[in-house]
Amino acid sequence: MAQQYLDHSKAILTSNRSNFKGGSKGSGIISLFGYQNEYDLRDGYPLLTTKKMATRSMFHETIWFLRGDTNIKYLEDNNAPIWRPDAFQGNLPGMQKEGIFPESLVKYSPDWDKAME
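The structure is reproduced here in structure tokens:
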């Protein structure tokens, strides 16, 4: 996995087809359309870090996301505290008021259900 990541990074940084644009925080974004990485999950979860991670919580969050859930009950039932109300829901009204998170956005994509069929 690490070699695939390094190869991908090198391709993005050296390709004449890479796109360069400013990011929302002025950091800049470099992208290369169509480049894909594939990971055999039988070899483990593809996580590139040296930090200790809460893999159980990550697993449940991945399942929650793939199911298209928008209610954190599944996460709470599985003791995955990533999206606890005090971390997200408590800030939601203020985010909506400032236009950061629209009230109408209740799922990840308007076509989410169609995509999951």
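Position one of the sequence shown corresponds to residue 6 (the working numbering), numbered consecutively onward.
Yeah, the Cβ is synthetic: ideal placement off N, Cα and C, and Gly gets one too.
The continuous beta strand (DSSP E) containing Ile34 extends over residues Ile34 to Ser36. Lys57 carries a coil assignment under DSSP once its states are collapsed to helix, strand and coil.
In this model, Asn84 and Thr19 are separated by some 43 Å (Cα to Cα). Around the Cβ of Ile77, a 10 Å sphere holds 16 or more other Cβ atoms; the residue is buried. Cβ neighbours of Gly33 within its own chain (closer than 8 Å, five residues either side excluded): Phe25, Lys26 and Gly27. Under a 10 Å Cβ-count criterion, Leu80 is classified as buried, with 16 or more other Cβ atoms of the shown protein chains found around its own Cβ.
In the DSSP annotation of this structure, the continuous segment of the alpha helix (DSSP H) that includes Leu18 starts and ends at Ala7 to Thr19. Cβ atoms of Ile17 and Leu37 come within 8 Å of each other, at about 5 Å.
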